[in-house]
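Report on the following structure.
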Amino acid sequence: IAGITQAPTSQILAAGRRMTLRCTQDMRHNAMYWYRQDLGLGLRLIHYSNTAGTTGKGEVPDGYSVSRANTDDFPLTLASAVPSQTSVYFCASRREGRDTEAFFGQGTRLTVV
Amino acid sequence: GQQLNQSPQSMFIQEGEDVSMNCTSSSIFNTWLWYKQDPGEGPVLLIALYKAGELTSNGRLTAQFGITRKDSFLNISASIPSDVGIYFCAGQLPGTYKYIFGTGTRLKVLA
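So the protein sequences, as listed, match chains C and X.
Quick note: to get the working numbering, add 988 to the position in the first sequence (first position is 1).
Quick note: to get the working numbering, add 4 to the position in the second sequence (first position is 1).
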């Protein structure tokens, strides 16, 4: 693993099903983020985590949950998927420090039908 | 909530032309970042700005952190076909680890 890895790369999901998107980073970054990208809306923050054991809500958290049991992993769960959650999901991470920036995974394309 | 207004939404330019795009907000940010996204890929960092007034270059790219901390611009000089993509600005909210993204500028370069 090098950098940030997201899985799966794409998924078609039936409405009402539960789904977990995985994100793993090997850079020992403290902060991790989940964004969704929709046409015309750019990237919107769903949830974030400043460090292992803590999480926070972003701009569009409803219908999503996250956990941060350790530094490397930050899974995003859709408890009961709805079609409006069709999107491309990006995970990002950032190391601790004042002047640092976020690095992104390759994305997960999720279609809820 | 906080919003970043990014403009223009899209641009069609001739190869060799210079490009300018900007982001503005009613909120103050500690950090401004500029990313480029190619189709099917995640955003890749181009330039990071950490201080108000800072002007930073990366090859043909130049970006500035506005003195009011509420805006930033990105310039691309002498555009080439591989500059095609979507460019995003992102601002870090003070006292947080959160980044807010602009809606993107879609750039197309005509050879």
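Positions of the beta carbon are idealized from the N, C-alpha and C atoms, including for glycine.
All values derive from a computational prediction rather than experimental measurement.
Own chain residues within Cβ distance below 7 angstroms of residue i, not counting five before or after
i                 : result
Leu49 (chain X)   : Leu37 and Tyr39
Asp1060 (chain C) : Thr1012, Gln1013 and Asp1014
Pro85 (chain X)   : Glu19, Val113 and Ala115
Integer Cβ distance of residue i from residue j, believed to fall under 8 angstroms
i                 : j                 : result
Ser83 (chain X)   : Ile17 (chain X)   : 6 angstroms
Thr1096 (chain C) : Pro996 (chain C)  : 6 angstroms
Ser1072 (chain C) : Pro1063 (chain C) : Ser1072 (chain C) to Pro1063 (chain C), Cβ: 21 angstroms. No contact.
Ala115 (chain X)  : Glu19 (chain X)   : 5 angstroms
Phe1078 (chain C) : Gln1025 (chain C) : 6 angstroms
Burial state of residue i, where buried means 16 or more other Cβ atoms lie within 10 Å
i                 : result
Glu1089 (chain C) : buried
Gly44 (chain X)   : exposed
Gln13 (chain X)   : exposed
Leu1029 (chain C) : exposed
Leu1098 (chain C) : buried
Thr1065 (chain C) : exposed
Thr109 (chain X)  : buried
Leu111 (chain X)  : buried
Val1101 (chain C) : exposed
Contact set for residue i: own chain, Cβ-Cβ below 6 angstroms, skip 5 residues either direction
i                 : result
Gln96 (chain X)   : Phe33, Asn34, Thr35 and Tyr103
Thr107 (chain X)  : Gln10
Ser1068 (chain C) : Gly1004
Cut-off 8 angstroms between Cβ atoms - residues of its own chain near residue i, not counting five sequence neighbours on either side
i                 : result
Lys74 (chain X)   : Thr28, Ser29, Ser30, Ser31, Ile32 and Phe33
Gln68 (chain X)   : Leu53, Gly57, Glu58, Leu59, Thr60, Ser76 and Phe77
His1035 (chain C) : Tyr1021, Trp1022, Thr1043, Gly1044, Lys1045, Gly1046, Pro1049, Tyr1052, Ser1053, Val1054 and Leu1064
Met1007 (chain C) : Gln999, Leu1001, Thr1065, Leu1066, Ala1069 and Leu1098
Leu8 (chain X)    : Cys27, Thr28, Ser29, Cys93, Ala94, Gly95, Ile104, Phe105, Gly106 and Thr107
Requested in this report: Taking only runs that begin and end inside the segment 1007-1031 of chain C, name each unbroken beta strand (DSSP E) of 3 or more residues, in chain order.
Outcome: 1007-1013 and 1019-1026
Requested in this report: Mind checking the segment 101-115 of chain X against chain C and listing, in chain order, the residues whose C-beta falls within less than 8 angstroms of any C-beta there?
Outcome: Tyr101, Lys102, Tyr103, Ile104, Phe105, Gly106, Thr107 and Gly108
**Report entry** Under 7 angstroms (Cβ pairs) to chain C, residues found in the segment 37-49 of chain X
**Finding:** Near chain C, meaning a CB-to-CB distance below 7 angstroms, the residues of the segment 37-49 of chain X are Leu37, Glu45, Gly46, Pro47 and Leu49.
Requested in this report: Quick one: which residues of the segment 1020-1043 of chain C get their C-beta closer than 8 angstroms to a C-beta of chain X? List them in chain order.
Outcome: Tyr1021, Tyr1023, Gly1028, Leu1029, Gly1030, Leu1031, Arg1032, Leu1033, Tyr1036 and Asn1038
Query raised in the report: What residues in the segment 55-74 of chain X bring their beta carbon closer than 7 angstroms to a beta carbon of chain C?
Result: Against chain C - using a Cβ distance shorter than 7 angstroms - the segment 55-74 of chain X contributes no residues.
Query raised in the report: What residues in the segment 12-25 of chain X have a beta carbon less than 9 angstroms from any beta carbon of chain C?
Result: Gln13
Report task. Taking a Cβ distance cut-off of 9 angstroms, strictly less, list which residues of the segment 1044-1057 of chain C are near chain X, in chain order. Result -> Gly1044, Gly1046 and Glu1047
Query - Contact set between the segment 77-94 of chain X and chain C, restricted to residues whose Cβ is under 7 angstroms from the partner - result: Phe92
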